[in-house]
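Colleague: First the structure, then my questions, so here it is.
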Amino acid sequence: MLRRLPSLALLLLALLALALATASAQAQSDTGRRRHALAKLGAPKFGPDFRSFDWVAPEAPKGGTLNLSATGSFDNLNAFTIKGVAAPGLGLLDATLFAPSLDEPATAYAYVAEWADVADDFSRVTFGLRAGARFNDGTPITPEDVVFSFTAQVRASPSIAIYYRNVLRAEKTGPRAVTFVFEKAGNRDLPYSVALLSILPRHYWQANGRDLAATTLTAPLGAGPYRIKALDAGRSITYARVRDWWAKDLPVNVGQYNFDRVHYTLYRDDLPEFEALKSGDVDVTEENSSKRWATGYDIAAVREGKLKKLVLAKGTVAQLQGFVLNTRRKRFSDPRVRRAFALAYDFESANKNLFFGLYTRIDSIFDNSELAHRGVPTGRELALLEPHRAVLPPEVFTTPYRSPVNARADQIRANLREASRLLDAAGWKVRDGVRRHESTGDVLAVEFLNYDTGFDRIVLPYKQSLERIGIRLDMRIVDPSQYEARLKVFDFDMIADVYQLGHAPGNELREMFGSEAAGKEASRNRIGIRSAVVDTLIENVIYARDRADLVAATRALDRVILWGHYIVPQWYNPTSWIAHWDHLGRPAKHPSQDPGIVTTWWQARPRSAHAAAKAGDAK
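For the sequence shown, the positions run 47 to 665 when this note's numbering is used.
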């Protein structure tokens, strides 16, 4: 016989049933929202059941040594501190929540995390960690490790802190779940950005007082495909493939990390580095000298097909390269002075006489993409610029920016006359052939800081052009370690700098061009831009509601930076120049965003006896 429950008990049961139903529905909803990929631009190319990327060779053989090179030196194996000079290749030690695809702009796929759940309003993202994910000492990766990785990296590096400024906290929200909570909704870039967080072992870094903000020459523990095998501090470093790597069979890693060893040798500059390539001590290089690419490879090894020259098209936004004047220096704070430096640079002569016509001039910080400004601003773009009209140069609204053209003698003369007029207007008058400020008497001089003697041939003609308008330029060559140290504290007048922007830019713009970063040691805002308008437009990019909003915001930002004359634009190369020895194999399809040399190439056949002995492969 059934007994009747008291009405309060019935009510509690009903509420419990409702709660269970709600929780079940929520679980189903969360499961349905779980993503195997995060794409900032369009939909991911590969579905949840993909087995490997189509730009790898899934059956690529494992083995051998890849001999690479770098210039300079190093004194640090901790990639997350701004102190010291980090060794090349340290990214091989670590794993990230999601792994970026080398053939899709701003797209990443599940790696340490099995899935991501992004809130509809982009106010948070939750990652579910793989059950088998572990560090290379066998310790499982836990939500506590992810939380530690975030908090420790933000504390160790001002640049990382700026990048993740809108992340309020990371917190454990399940046995294998961690949630990143954002300061406010609408930042579509943040879920992707935190997905690329390197995951560090809490137990390793908290042991024996290890400090992520300090330098170290002790090989750190990671969860990535390689560990450090050998080290000659400052001279060379060798990484060995982790044979029992937990992630080797994941779709994002199939066909990748094929070399048993990756060895870097450090050279004083690029001249001995190139000789090492020609002798077979180095297996492959990405060439960055047009003169060397055009004339330096006329050697027997190339003619015989042993050393191959490879030209690959780039699908990236053009790398922004230019002369940068440090606007923290009072004499360079006036945009008229900076404009004069731009007018004096003769790219056309350099391209013809020095670069063999192989480079393309830069006219945008987003060149080679739809993000670059075009025509005059209209629609959404004009609406973003209009509130700032009173403080912006009128050209922002009336004239598409184009780098000064010096293709003919009359154009060179006209540009130098205009440069002189601007300098006069800024108070820098010529006295006895030298520009002096009419109030202070200071000489308008600039020290060009560099570590590469090969750049002299580019700077010397520029020096002569500047001298024609009364500006003195001195060249200062320092070793790479000193160069990096001076850049970190912005101790320079002028440098040649590069910025690699993406097809879906976001939080990184704050560190490159934002006011906060201008005062942070080791930030990438080496120009020293402090502009409320630039800051506002960067936020417009970051919080864009859709692609059309993003494009409008980048084009507006493009105009403001260019017409602020913060950079003397140089050139970009629309292709990658790669020279490699013929014992290396590579996939039939090359990824559009990166050549993937370390990740996707392999040793296809034994190298020569000489090279094998150098690599330690000789039997």
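In this text, a Cβ means the ideal position worked out from N, Cα and C, and glycines have one as well.
(1) Could you give the first and the last residue of the continuous alpha helix (DSSP H) run that contains residue 505?
(2) Report all residues from its chain with a CB closer than 8 Å to the CB of residue 466; omit the five preceding and five following residues, and keep chain order.
(3) Where are the alpha helix (DSSP H) runs, 4 residues long or more, that stay fully inside the stretch 549 to 574, in chain order?
(4) What residue does the beta strand (DSSP E) around residue 397 start on, and which one ends it?
(5) Between which two residues does the beta strand (DSSP E) containing residue 545 stretch?
(6) Provide the residue(s) that pair with residue 649 in DSSP beta bridges, ordered along the chain.
(7) Quick check on the burial criterion: 16 or more other C-beta atoms within 10 angstroms. Buried or exposed for residue 671?
(8) Please report the straight-line C-alpha distance between residue 246 and residue 210, rounded to a whole angstrom.
(9) So, under 8 Å CB-CB, residue 377 and residue 383 are touching, yes? Tell me the CB distance rounded to an integer number of Å.
(10) Touch check for the stretch 407 to 425 and the stretch 347 to 354: three-plus C-beta pairs under 8 Å?
(11) Mapping the DSSP letters down to three states, classify residue 189 as helix, strand or coil.
(12) Check each candidate in 107, 96, 144 and name the one with the smallest Cα separation from residue 84.
(13) Under the rule that 16 or more other beta-carbon atoms within 10 Å means buried, what is residue 630, buried or exposed?
(14) With H, G and I counted as helix, E and B as strand and the rest as coil, what does DSSP make of residue 520?
(15) Between 229, 216, 298, which lies nearest to residue 243 when the distance is taken from Cα to Cα?
(16) With residue 600 as the anchor, note down where its alpha helix (DSSP H) starts and where it stops.
(17) With respect to the alpha helix (DSSP H) encompassing residue 470, which residues constitute its N-terminal and C-terminal limits?
(18) Taking the beta carbon of residue 357 as the centre, do at least 16 other beta carbons fall within 10 Å, making it buried, or is it exposed?
(19) What ranges does the beta strand (DSSP E) occupy inside the stretch 219 to 254, keeping only unbroken runs of at least 3 residues that lie completely in it?
(20) Spell out the partners DSSP gives residue 386 in its beta bridges.
(21) Using only the alpha-carbon positions, how far apart do residue 389 and residue 451 sit?
(22) Which class does residue 493 belong to by DSSP, given the choice of helix, strand or coil?
(23) How long is the line joining the alpha carbons of residue 112 and residue 159, rounded to whole angstroms?
(24) Inspect the beta-carbon positions of residue 198 and residue 258 and report whether they are closer than 8 Å.
(25) Mind checking who residue 422 pairs with in its DSSP beta bridge?
(26) Kindly list the residues whose CB is nearer than 7 Å to the CB of residue 151, restricted to its own chain and excluding five residues on each side of it in sequence; keep chain order.
(27) Just the C-alpha distance for residue 607 and residue 464, rounded to the nearest angstrom, thanks.
(28) Assuming residue 316 and residue 498 make a contact with CB atoms under 8 Å, what is their CB distance in whole Å?
(29) Give me the residue from 165, 399, 622, 434 with the minimum Cα distance to residue 337.
(30) So, helix, strand or coil for residue 339, using DSSP?
(31) Helix, strand or coil for residue 113, going by three-state DSSP, please let me know.
(32) With DSSP run on the structure shown, which of helix, strand or coil describes residue 284?
(33) Between the stretch 607 to 618 and the stretch 440 to 457, do three or more beta carbon pairs fall short of 8 Å?
(34) CA-CA distance, residue 343 and residue 626?
(35) Does the beta-carbon of residue 653 have 16 or more other beta-carbons within 10 angstroms, so that it is buried, or is it exposed?
(36) Does DSSP put residue 483 in a helix, in a strand, or in coil?
Modeller: Working from what's here:
(1) On the sequence shown, residue 505 is found 459 positions in, with the first residue counted as 1. 502 to 514 is the extent of the alpha helix (DSSP H) around residue 505.
(2) Translated into positions along the sequence shown, residue 466 becomes position 420. Excluding sequence neighbours, residue 466 sits near 386, 476, 515, 516.
(3) 554 to 559, 561 to 564
(4) Along the sequence shown, one-based indexing puts residue 397 at 351. Segment 393 to 399 is the alpha helix (DSSP H) holding residue 397; no beta strand (DSSP E) there.
(5) If you number the sequence shown from 1, residue 545 lands on position 499. Run containing residue 545: 540 to 545, per the beta strand (DSSP E) assignment.
(6) As a first step, residue 649 is located in the sequence shown; it is residue number 603 there, counting from the start. The partner list for residue 649 (beta bridge, DSSP) reads 630.
(7) Outside the modelled stretch of the chain, which goes from 47 to 665, sits residue 671, for which no answer is possible.
(8) On the sequence shown, position 200 is the one that residue 246 refers to. On the sequence shown, position 164 is the one that residue 210 refers to. Rounded to the nearest angstrom, the two C-alpha atoms are 17 Å apart.
(9) Here the question's residue 377 lines up with position 331 in the sequence shown. Here the question's residue 383 lines up with position 337 in the sequence shown. Right, their Cβ atoms sit about 7 Å apart.
(10) no
(11) In the sequence shown, residue 189 corresponds to position 143, counting from 1. Note: residue 189 maps to helix in three-state DSSP.
(12) The sequence position of residue 84 within the sequence shown is 38, counting from 1. Among 107, 96, 144, the Cα nearest to that of residue 84 is on 144.
(13) By one-based count along the sequence shown, residue 630 stands at place 584. Looking at its Cβ environment, which holds 16 or more other Cβ atoms inside 10 Å, residue 630 is buried.
(14) Taking the first residue of the sequence shown as 1, we reach residue 520 at position 474. If DSSP states are grouped into helix, strand and coil, residue 520 belongs with the strands.
(15) Position 197 of the sequence shown, counting from 1, holds the residue named residue 243. It is 216 whose Cα lies nearest to the Cα of residue 243.
(16) As a first step, residue 600 is located in the sequence shown; it is residue number 554 there, counting from the start. Here the alpha helix (DSSP H) through residue 600 covers 593 to 609.
(17) Indexing the sequence shown from 1 puts residue 470 at position 424. Run containing residue 470: 455 to 471, per the alpha helix (DSSP H) assignment.
(18) The count along the sequence shown starts at 1 and reaches residue 357 at position 311. Result: exposed.
(19) 223 to 228
(20) Sequence index remark: in the sequence shown, residue 386 carries index 340 (1-based). Paired residues: none, contrary to the question.
(21) Indexing the sequence shown from 1 puts residue 389 at position 343. Indexing the sequence shown from 1 puts residue 451 at position 405. Taking the straight line joining both Cα atoms gives about 8 Å.
(22) Residue numbering aside, residue 493 sits at position 447 when the sequence shown is read from its first letter. Three-state DSSP puts residue 493 in a strand.
(23) Within the sequence shown, numbered from 1, the residue matching residue 112 stands at position 66. Within the sequence shown, numbered from 1, the residue matching residue 159 stands at position 113. So the alpha carbons of these two residues sit roughly 29 Å apart.
(24) Position 152 of the sequence shown holds residue 198. Position 212 of the sequence shown holds residue 258. For residue 198 and residue 258, yes; Cβs fall inside 8 Å.
(25) Stepping through the sequence shown from its first residue, residue 422 is reached at position 376. The partner list for residue 422 (beta bridge, DSSP) is empty, contrary to what the question assumes.
(26) Your numbering for residue 151 matches position 105 in the sequence shown. Around residue 151: 87, 548, 549, 550, 639.
(27) Taking the first residue of the sequence shown as 1, we reach residue 607 at position 561. Taking the first residue of the sequence shown as 1, we reach residue 464 at position 418. So the alpha carbons of these two residues sit roughly 20 Å apart.
(28) Translated into the one-based positions of the sequence shown, residue 316 becomes position 270. Translated into the one-based positions of the sequence shown, residue 498 becomes position 452. With a Cβ gap of about 7 Å, residue 316 and residue 498 count as contacting.
(29) Stepping through the sequence shown from its first residue, residue 337 is reached at position 291. When only C-alpha atoms are compared, the closest one is 399.
(30) On the sequence shown, residue 339 is found 293 positions in, with the first residue counted as 1. Reduced to three states, the DSSP call for residue 339 is helix.
(31) Residue 113 sits at position 67 when you count from the first residue of the sequence shown. In the structure shown, residue 113 sits in a strand (DSSP, three-state: E or B).
(32) As a first step, residue 284 is located in the sequence shown; it is residue number 238 there, counting from the start. Looking at residue 284 - three-state DSSP - the assignment turns out to be strand.
(33) yes
(34) As a working mapping, residue 343 is identified with position 297 in the sequence shown. As a working mapping, residue 626 is identified with position 580 in the sequence shown. So the alpha carbons of these two residues sit roughly 11 Å apart.
(35) Here residue 653 refers to the residue found at position 607 of the sequence shown. Residue 653 comes out buried.
(36) In the sequence shown, residue 483 corresponds to position 437, counting from 1. Residue 483 falls in the strand class under three-state DSSP.
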